[in-house]
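**Q** Residue numbering for the sequence shown follows UniProt numbering, beginning at 1 and increasing consecutively. Even glycine gets a Cβ: it sits at the ideal position worked out from N, Cα and C. Please see the structure below; I have some questions.
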Amino acid sequence: MTGAARRQQLLDVARSLFAEKGFDGTSIEEIAHRASVSKPVVYEHFGGKEGIYAVVVDRETQSLLDRMVSTLHGGHPKAMLEQAASALLGYVEDSHDGFRILVRDSPVASSTGTFSTLLNDIASQVEHILGQQFAARGYDEKLAALYAQALVGMVALTGQWWLDARKPKRDEVAAHLVNLAWNGLSNLEHKPKLRLG
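Dropping the structure here:
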């Protein structure tokens, strides 16, 4: 096996174990055993468990970010919201091991950051789009950041729930998310106030 092929094999094995058992529950011994190599081979390629975990997290983060950002360009804002919700749920469905790794609290800093950092990056993209839409409709553009965080958080938390529930189907979940978000955005009050008591 070439060095590159061995490295990829180790990443695949580690990714599966980290998804199944988390960072703390996975050992270098187990990674080596499942890959049918000695522990020094894992250390040679990654320097240790933290190194292989950081590479796995970086790859998953980049994959999700690429998928999300590619949906946020052009078209009607509702269509972009539909595409973004579908993209996140598609990632959950297609890469459930990767999503499980990302949503766990990472004990190791990766070059691309944590899941929270990733969601903030996505929210920044959404904020830009919302800012333009708010300005065009006479809303305070400064509030776009708050609404972007709310929308991204809503989709991400629903994705975590759906990862285990798997019902209803992905497109139906995305349609319900977009329904709530779009209809909520369509009826925004310019100066909302709480009406307690």
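Exposed or buried, threonine 2, counting other C-beta atoms within 10 Å across all chains shown (16 or more means buried)?
**A** As a working note, residue 2 is residue 2 in the sequence shown. Looking at its Cβ environment, which holds fewer than 16 other Cβ atoms inside 10 Å, threonine 2 is exposed.
**Q** Please check the pair leucine 119 and alanine 174, which I expect to be a contact at CB under 8 Å, by giving their CB distance rounded to whole angstroms.
**A** The count along the sequence shown starts at 1 and reaches residue 119 at position 119. The count along the sequence shown starts at 1 and reaches residue 174 at position 174. Actually they do not touch by this definition, with Cβ atoms about 17 Å apart.
**Q** I'd like the list of long-range same chain contacts for arginine 100, defined as Cβ closer than 6 Å, with 5 residues on each side in sequence excluded.
**A** Reading the sequence shown from its first residue, position 100 is the one you call residue 100. Correct list, in chain order: Ala19.
**Q** To test your reading of the DSSP string, which unbroken alpha helix (DSSP H) runs of 4 or more residues are found completely within the segment 68-101?
**A** Fully enclosed alpha helix (DSSP H) runs of 4 or longer: 77-94.
**Q** Consult DSSP for arginine 195 and reduce its assignment to one of helix, strand or coil.
**A** Walking along the sequence shown from the start, residue 195 turns up at place 195. Coil, per DSSP.
**Q** Enumerate in chain order the residues of its own chain whose CB-to-CB distance from glutamate 30 is below 7 Å, with the five nearest sequence positions on each side excluded.
**A** Here residue 30 corresponds to residue number 30 of the sequence shown, with the count starting at 1. Hits under 7 Å: Leu17.
**Q** For the candidate residues Tyr43, Val92, Gly75, His33, whose alpha-carbon lies nearest to that of aspartate 171?
**A** Counting from 1 along the sequence shown, the entry for residue 171 is found at position 171. Closest by alpha carbon: Val92.
**Q** Please classify tryptophan 161 as buried or exposed, where buried requires at least 16 other C-beta atoms within 10 Å of its C-beta.
**A** As a first step, residue 161 must be located in the sequence shown, where it is residue number 161. When all chains shown are included, tryptophan 161 counts as exposed.
**Q** How would you write the range of the alpha helix (DSSP H) that phenylalanine 46 sits in, first residue to last?
**A** Here residue 46 corresponds to residue number 46 of the sequence shown, with the count starting at 1. Run containing phenylalanine 46: 39-46, per the alpha helix (DSSP H) assignment.
**Q** By DSSP, does glutamate 189 sit in helix, in strand, or in coil?
**A** Counting from one through the sequence shown, the residue named residue 189 turns up at place 189. Coil.
**Q** Could I get the ranges of all uninterrupted alpha helix (DSSP H) runs contained in the UniProt domain "HTH tetR-type" (4-64), with 4 residues as the minimum, in chain order?
**A** Within the UniProt domain "HTH tetR-type" (4-64), the complete alpha helix (DSSP H) runs of at least 4 residues are 28-35, 39-46.
**Q** Excluding five sequence neighbours on each side, which residues of the same chain lie with their C-beta closer than 8 Å to the C-beta of histidine 33?
**A** Working through the sequence shown from its first residue, we reach residue 33 at position 33. For histidine 33, where only same-chain residues beyond five positions count, there are no Cβ hits under 8 Å.
**Q** Any contact between the segment 40-55 and the segment 133-151? By contact I mean 3 or more CB pairs, one from each, below 8 Å.
**A** These segments do not touch.
**Q** List the endpoints of the continuous alpha helix (DSSP H) containing glutamate 127.
**A** Taking the sequence shown and counting its residues from 1, one reaches residue 127 at position 127. Glutamate 127 -> alpha helix (DSSP H) spans 115-137.
**Q** Under DSSP, the alpha helix (DSSP H) around aspartate 164 begins and ends at which residues?
**A** What you label residue 164 is simply residue 164 of the sequence shown in a count that begins at 1. First-last of the alpha helix (DSSP H) with aspartate 164: 144-165.
**Q** Helix, strand or coil for arginine 170? Go by DSSP, reduced to three states.
**A** In the sequence shown, the residue the question calls residue 170 occupies position 170. Arginine 170: helix per DSSP, three-state reduction.
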